[in-house]
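Structure record follows, encoded as structure tokens.
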Amino acid sequence: MTTSTAVVARVDFGACVLLRDDGALIGARARGALMGRRKALGNTVVVGDRVGYAPSGGDAAGFEAVVTEVAPRANAFSRRAPVKRAEEQVVAANLDQVVLVASLAEPAFSPGLADRVLCQAEHAGLAARLVLNKADLAASRDDDAADPESILAAYARAGVAGHVLSAKQVGAALDDLREACRGRRSLFVGHSGVGKSTLLNALVPELDLLEGATNARTGKGRHTTSAAVLVRPEPGFELIDTPGVRSFAPWGIGAQDLDGAYREFHPYLGHCRFGDCRHRNEPGCAVRAAVAAGAIAERRHASYLRLLGELQDEEARLH
Numbered sequence: 001m002t003t004s005t006a007v008v009a010r011v012d013f014g015a016c017v018l019l020r021d022d023g024a025l026i027g028a029r030a031r032g033a034l035m036g037r038r039k040a041l042g043n044t045v046v047v048g049d050r051v052g053y054a055p056s057g058g059d060a061a062g063f064e065a066v067v068t069e070v071a072p073r074a075n076a077f078s079r080r081a082p083v084k085r086a087e088e089q090v091v092a093a094n095l096d097q098v099v100l101v102a103s104l105a106e107p108a109f110s111p112g113l114a115d116r117v118l119c120q121a122e123h124a125g126l127a128a129r130l131v132l133n134k135a136d137l138a139a140s141r142d143d144d145a146a147d148p149e150s151i152l153a154a155y156a157r158a159g160v161a162g163h164v165l166s167a168k169q170v171g172a173a174l175d176d177l178r179e180a181c182r183g184r185r186s187l188f189v190g191h192s193g194v195g196k197s198t199l200l201n202a203l204v205p206e207l208d209l210l211e212g213a214t215n216a217r218t219g220k221g222r223h224t225t226s227a228a229v230l231v232r233p234e235p236g237f238e239l240i241d242t243p244g245v246r247s248f249a250p251w252g253i254g255a256q257d258l259d260g261a262y263r264e265f266h267p268y269l270g271h272c273r274f275g276d277c278r279h280r281n282e283p284g285c286a287v288r289a290a291v292a293a294g295a296i297a298e299r300r301h302a303s304y305l306r307l308l309g310e311l312q313d314e315e316a317r318l319h
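Take the sequence shown: its position 167, counted from the start at 1, is 167 in UniProt numbering, and no numbers get skipped.
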């Protein structure tokens, strides 16, 4: 049986849409060995995976191909699945960067969600960008929490590149973001209602994501961002849209290693008086000294403390 390779563009339980190197989309089902006990692919095959596939040979369900193998992943971006039990959900694989889309107004910027997503990107070893959208709606607000310059300055210390724009406007800011995504596979993540899908359509006007090919059997149909979907406007330029999230829980990051997920903390880790310093009120804390000196943004340290408390409470509950 001849095997070809393609990239997974969407997954629906035991079926997926494959994007070939020539740009063609085909519907495929997974070989039985790849299916879990829940009869779903779960984390076995995710968007961004490079897979091997073979012709289905006249599948009764209408699938054109059968996925036979999954290549090893270079990386993966995960979250804790939104279920009661602690369980990993791999969102996408083989990424170059994570683009967090947030809004400055309607809804207001959520530092808690932003830091959780950016911590997960750092944990996965992925570059990150922060897009502050709806700048036009926030322009009239006299509120530091909605000031894009102060927000981006805090994240710049963590190596996070920033962009300020409105999805309804075109201009240099949108062009800069487009160029930052060219030649890369970018995962777009954002809170519900921040205008992420509108922004993606503005990035690539000739490609309407809402009319993207997503049906698992035919590779055609309407996309409503109910699952992650990968599109390729041009060779080497790939965008992954994801459903809007209301909350985000990191995966694989514990209370003991949370400080390592804050990149601006790195120069000070190992320099605290106590080896198990959690950077709260311990004497001789190098991280707190850096906050006092302005090297670490107060808002980021406060965010770290909130997430640290949540992780410690969760670990205590599980044990």
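Ideal Cβ placement from N, Cα and C applies to all residues, glycine included.
Cβ distance (whole Å) where residue 255 is taken to contact residue 174 below 8 Å: Wrong, their Cβ atoms sit about 39 Å apart, outside the cutoff.
So, under 8 Å CB-CB, residue 160 and residue 132 are touching, yes? Tell me the CB distance rounded to an integer number of Å. Rounded, the Cβ-Cβ distance is 11 Å, inconsistent with contact.
Cutoff 8 Å; reference residue 102; Cβ partners in own chain excluding five residues on either side: 109, 110, 113, 114, 130, 131, 132, 133, 190, 191 and 194
Can you check which of these residues, 267, 178, 295 and 265, is closest to residue 234 by C-alpha distance? 178
Does the separation of the CB atoms of residue 63 and residue 29 fall below 8 Å? yes
CB residue 239 to CB residue 7, shorter than 8 Å? no
Taking the alpha carbon of residue 120 as the point to measure from, which residue in 21, 267, 269 and 304 has its own alpha carbon closest? 304
Closest to residue 83 by CA distance: which of 279, 281, 248 and 268 is it? When each option's Cα is compared against that of residue 83, the closest is 248.
Assuming the contact rule is C-beta atoms closer than 8 Å, residue 300 and residue 262 should be a hit. Round their C-beta distance to whole Å, please. 6 Å
Label residue 317 either buried or exposed according to how many other C-beta atoms from any shown protein chain fall within 10 Å of its C-beta, with 16 as the threshold for buried. exposed
Measuring alpha carbon to alpha carbon, tell me which residue in 203, 5 and 136 is nearest residue 104. 136
Where does residue 262 sit, in a helix, a strand or coil, going by DSSP? coil
I'd like the list of long-range same chain contacts for residue 10, defined as Cβ closer than 8 Å, with 5 residues on each side in sequence excluded. Excluding residues within five positions, the ones whose Cβ falls inside 8 Å are 16, 17, 47, 214, 216, 227, 228, 229 and 230.
Drop a sphere of 10 angstroms on the beta-carbon of residue 313, count the other beta-carbons inside from all chains shown, and report buried for 16 or more, exposed for fewer. exposed
Looking only at C-alpha atoms, which of 165, 74, 205 and 198 sits nearest to residue 336? Only positions 1 to 319 of the chain appear in the structure, and residue 336 is not among them; the question remains open.
Could you give the residue range of the alpha helix (DSSP H) that holds residue 307? 298-318
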